[in-house]
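Here the structure comes first, spelled out in structure tokens, and everything after it is commentary.
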């Protein structure tokens, strides 16, 4: 099975201001992208996990990046490096989706040991390693491989989409 990936983030913004005799424009096109070929070294990835997941009210789950996630073909994924992570909270959510590190064996290379991200309903977040980054976001099986996802409150479930692109070595 071969993996080919194109990861990107983009923002296109245009602001204008009308002056006495003219209108001034400030167009912005911001884009960062990385294309990854099949493999495990810099600029390469060989594992992909993607899913739409739902958490019950006040629920929390730990996603084991090295040993329990399954790819689209049902094979267990053992990540050693995360090259791209994209998470999007459903717009219909009433509660926030909280992304962070597990209390034990937390994957801390992106958010450090205590960092969390709050995704309000409809919000998305993405992180990707550069094409020449051989280290990327390291995963350490058994001691640093759990990514926690939580529902911020009671009363209703939350749904989120997640895509992880990484390497097995």
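Residue numbers (our numbering): 3 to 171. Don't be surprised by glycine CBs; every beta carbon is placed ideally from N, CA and C.
Does the Cβ-Cβ distance between residue i and residue j come in under 8 angstroms?
i           : j           : result
residue 138 : residue 84  : yes
residue 40  : residue 5   : yes
residue 7   : residue 167 : yes
residue 161 : residue 58  : no
residue 18  : residue 26  : yes
residue 143 : residue 80  : yes
residue 82  : residue 36  : no
residue 42  : residue 169 : yes
residue 47  : residue 135 : no
residue 147 : residue 107 : yes
Can you tell me which of the three DSSP states residue i falls into?
i           : result
residue 3   : coil
residue 82  : coil
residue 147 : coil
residue 137 : coil
residue 21  : coil
residue 155 : coil
residue 170 : coil
residue 12  : strand
residue 77  : coil
residue 91  : strand
If distances are taken between C-alpha atoms only, which option among the options comes closest to residue i?
i           : options           : result
residue 99  : 164, 135, 24, 170 : 164
residue 31  : 12, 38, 49        : 12
residue 34  : 133, 96, 16       : 133
residue 50  : 68, 96, 101       : 68
residue 71  : 149, 9, 159, 89   : 149
residue 97  : 115, 74, 121      : 121
residue 110 : 76, 95, 66        : 66
residue 75  : 131, 95, 3        : 3
residue 9   : 116, 38, 22, 64   : 38
Start-end ranges of the beta strand (DSSP E) lying completely within the segment 96-134, minimum 3 residues: Complete beta strand (DSSP E) runs here, min 3: 99-103, 118-121, 126-130.
The segment 127-134 in contact with the segment 145-158 per 3-pair CB rule at 8 angstroms: As far as the Cβ criterion goes, the segment 127-134 does not touch the segment 145-158, which means the pair count is below three.
3 or more residues per run - each beta strand (DSSP E) lying fully within the segment 24-75: 25-40, 49-57, 62-66, 68-72
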